[in-house]
Amino acid sequence: GSGSDTLTVTVNNVAPTVDAGSDATINEGGTFTGGGSFTDPGADSWTATVNYGDGSGVQSLTLTGKTFSLSHPYADNGPYTVTVTVTDDDGGSGSDTLTVTVNNVLPTVNAGADATLNEGGTFTQSGSFTDPGADTWTATVNYGDNSGTQPLPLTGKTFSLSHPYADNGIFTVTVTVTDDDSGSGSDTLTVTVNNVAPTVDAGSDATINEGGTFTQSGSFTDPGADSWTATVDYR
3 GSGSDTLTVT VNNVAPTVDA GSDATINEGG TFTGGGSFTD PGADSWTATV
53 NYGDGSGVQS LTLTGKTFSL SHPYADNGPY TVTVTVTDDD GGSGSDTLTV
103 TVNNVLPTVN AGADATLNEG GTFTQSGSFT DPGADTWTAT VNYGDNSGTQ
153 PLPLTGKTFS LSHPYADNGI FTVTVTVTDD DSGSGSDTLT VTVNNVAPTV
203 DAGSDATINE GGTFTQSGSF TDPGADSWTA TVDYR
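Take 3 as the starting number for the sequence shown in this note's numbering and just add one per residue.
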């Protein structure tokens, strides 16, 4: 003889427990790489997504067993929250976050080579800068001759230098580029301005009688902002 009875066992789904990995710090323009894993006691299948927190949206994330790899470039500085979500085939999901801190990188400026010219001439030269960040930039130049610091127009990441030098001397040109995060980089070059000797025109040859007086006018040129003295020998 036999008797039977029944009972019901309700097995609850357990959502995945996600470990997105450790926080990270990189420079702007660099690529964040990391990895993580999850656990789930159920005999499930899973899908995963990641949001890198920079406005690029939610993306599918490939799983290898119960692990995953993270990789994403960051164009600009800032703190970003990376969110990884794993969902099982019963609709249970778990998430974890980590913070990627992206440092600002200062512009690197190349003002160009040193130059030599004559007084009264104009120094001209091109230069450039690099910056891995998705920034905007402003620039200034100081030509080192007490004319002060001036705005410098940028064309992309290049610039053109042009400045007249009235007098001889050695002048340090300083170019500074500043990004929209107030990070700035500078470079200098030396402009050597040579003195130019006066060019004298004493006038035309002349013929007079003895006892007479020779009279004539003359002039000279000099491109420098100089002062001058003169002598004459009538022999």
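Ideal placement from N, C-alpha and C gives every residue a C-beta, glycine not left out.
These numbers were taken from a predicted model, which means no experiment stands behind them.
| task | State buried or exposed for Gly213, treating a residue as buried only when at least 16 other CB atoms are found within 10 Å of its CB. | result | exposed
| Hey, how far is the Cα of Val88 from the Cα of Thr157? | 46 Å
| Bridge partner(s) assigned by DSSP for Asp25 | Looking at the DSSP assignment, Asp25 forms no beta bridge with any residue, so it has no partner.
| task | Just confirm the distance between the C-beta atoms of Asn29 and Val111, as a whole number of angstroms; I'd bet it's less than 8 Å. | result | Between Val111 and Asn29 the Cβ distance is about 18 Å, and since that is not below 8 Å, they are no contact.
| task | Give the single residue among Phe161, Asn53, Ala117 whose Cα lies nearest to the Cα of Thr132. | result | Phe161
| task | Name the two residues that bound the continuous beta strand (DSSP E) containing Gly80. | result | 80-90
| field | Nearest to Val102 (by Cα), restricted to the options Pro200, Asp183, Thr27 | value | Thr27
| task | Look at the alpha carbon of Val52 and the alpha carbon of Thr19, and state the distance between them as a whole number of angstroms. | result | 15 Å
| Beta-carbon contacts of Asn59 that lie in its chain and below 8 Å, excluding the five residues immediately before and after | Contrary to the premise, residue 59 reads as Gly rather than Asn in this sequence. Counting only Cβ-Cβ distances below 8 Å, and skipping sequence neighbours, we find Asn53.
| request: Assess, as a yes-or-no matter, whether the stretch 213-224 is touched by the stretch 176-183 under the definition of 3 or more beta carbon pairs within less than 8 Å. | output: no
| field | Assumed close pair Ala22, Thr69 - CB separation to whole angstroms, cut-off 8 Å | value | Actually they are not in contact, since the Cβ atoms of Ala22 and Thr69 sit about 11 Å apart, beyond 8 Å.
| said: Quick check for students: name the residue ranges of the beta strand (DSSP E) that lie wholly in the stretch 98-172, counting only runs of 3 or more. | reply: 110-112, 117-120, 124-132, 139-144, 151-153, 160-166
| Would Phe222 be called buried (16 or more neighbouring beta carbons within 10 Å of its own) or exposed? | exposed
| field | Of the listed residues Ser24, Ala199, Ser164, nearest to Pro155 (C-alpha basis) | value | Ser164
| query | If you follow the beta strand (DSSP E) that Phe222 is part of, which residue opens it and which one closes it? | reply | 221-223
| query | Less than 8 Å separating the beta-carbons of Asp46 and Asp92? | reply | yes
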